[in-house]
Amino acid sequence: MRTAKFWMGTLLAGALALGYGCGSDANKDPAPQDAPQQQVPDAGTDAGVVLTLTDAQIARVLQVANEGEVMLGQYAASVATDQAVIDFNNQMVTEHTAVKQRLDGVLAAEGITPEDSSLSLQLQTEVQQLMQILQGPNAPAAGAALDLALLSAQLNAHARTAFIGDSLLTAQATNTALQQELLSERQAVQTHINEATDLQSAIVLPPIEPPVEP
Numbered sequence: 001m002r003t004a005k006f007w008m009g010t011l012l013a014g015a016l017a018l019g020y021g022c023g024s025d026a027n028k029d030p031a032p033q034d035a036p037q038q039q040v041p042d043a044g045t046d047a048g049v050v051l052t053l054t055d056a057q058i059a060r061v062l063q064v065a066n067e068g069e070v071m072l073g074q075y076a077a078s079v080a081t082d083q084a085v086i087d088f089n090n091q092m093v094t095e096h097t098a099v100k101q102r103l104d105g106v107l108a109a110e111g112i113t114p115e116d117s118s119l120s121l122q123l124q125t126e127v128q129q130l131m132q133i134l135q136g137p138n139a140p141a142a143g144a145a146l147d148l149a150l151l152s153a154q155l156n157a158h159a160r161t162a163f164i165g166d167s168l169l170t171a172q173a174t175n176t177a178l179q180q181e182l183l184s185e186r187q188a189v190q191t192h193i194n195e196a197t198d199l200q201s202a203i204v205l206p207p208i209e210p211p212v213e214p
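This is the structure we're talking about:
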């Protein structure tokens, strides 16, 4: 299937288009465009040591992830040129706002007060850096190149959230309601990854029109 084969390439394309590699080196200057770095598997580690997170810290990571998606979606919807890309980013704003509100309700009901950790602070820094790059002088001005960059940013952020959830959060959460919320959010993230991948694939590899019979 074309979109399945295209999946991993989209993140590398995002790093290439934006000159951005996320991971434990997020505070360094962006990688040169001829040497894109895809560092999603480094999420949640410090020099190879896996972080130990409490439920309160896990909750804050989820909050930050949803807040970042809303921020990216709001900006992308305002500058994208393809209507499908605009619609997708508006969808991200609506759905991640709703998820954040649902999460806050779960936390209030369970008496969990979110706490920052090195991971949540890192994620905040990374989305801010990504926003700066999207708005910077080297970002595509308009058209398909901009739309691809915006979709790559969404894919990068969603893939990072998925990896962190699978490798750290789900395994360490102890509160049952929080565990259920993690599962629900992980399923939504995968749906968004699939949707963004399909959109990006359609821009890069548009359908081939059959020849007109004479």
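All residue numbers for the sequence shown refer to our numbering, where the first residue is 1 and numbers rise by one. For every residue, glycine included, the Cβ atom is placed at its ideal position computed from N, Cα and C.
Beta-carbon proximity list for residue i, same chain, < 7 Å, skipping 5 on both sides
i, result
"V99", "N66, E185 and A188"
"I86", "A77 and A80"
"L151", "V85, A196, L199 and Q200"
"E233", "The structure shown does not extend to residue 233, since the chain is modelled only from 1 through 214, so no value can be given for it."
"T113", "A56"
"A144", "I203"
Chain-order list of residues whose beta-carbon lies under 6 Å from that of residue i (same chain, five-residue window excluded)
i, result
"A74", "The amino acid occupying residue 74 in the given sequence is Gln; Ala does not appear at that position. Result list for Q74: V93, in chain order."
"A177", "V106 and E110"
"G44", "Annotation note: pLDDT 48 at G44 (below 50); position unreliable, no value reported."
"Q57", "E115 and S117"
"N54", "Rather than Asn, the amino acid found at residue 54 in this sequence is Thr. Once the five neighbours on either side are set aside, T54 has no close Cβ partner at all."
"N90", "A77"
"A162", "V189"
"L123", "V64"
"N175", "D55 and E110"
Supposed contact pair residue j and residue i - C-beta distance, whole angstroms, cut 8 Å
i, j, result
"D116", "R60", "6 Å"
"V283", "M71", "Absent from the model: residue 283. The displayed extent of the chain is 1 to 214, so no value can be given."
"V169", "A153", "The residue you asked about is not Val; residue 169 is Leu in the sequence shown. Rounded, the Cβ-Cβ distance is 22 Å, inconsistent with contact."
"V204", "L148", "7 Å"
Same chain, Cβ closer than 8 Å to residue i, five either side skipped, listed in chain order
i, result
"Q179", "T170 and A173"
"T52", "Q172"
"D166", "R186"
"L62", "L103, L169, E181, L182 and E185"
Environment of residue i [buried if 16+ CB atoms lie within 10 Å]
i, result
"V64", "buried"
"G136", "exposed"
"A108", "exposed"
"Q83", "exposed"
"A141", "exposed"
"L130", "buried"
"L121", "exposed"
"N138", "exposed"
"L183", "exposed"
"F88", "buried"
Evaluate the contact criterion for the segment 189-202 versus the segment 147-159: three or more CB pairs, one atom per stretch, below 8 Å. In short, these stretches touch, since the Cβ pair count reaches three.
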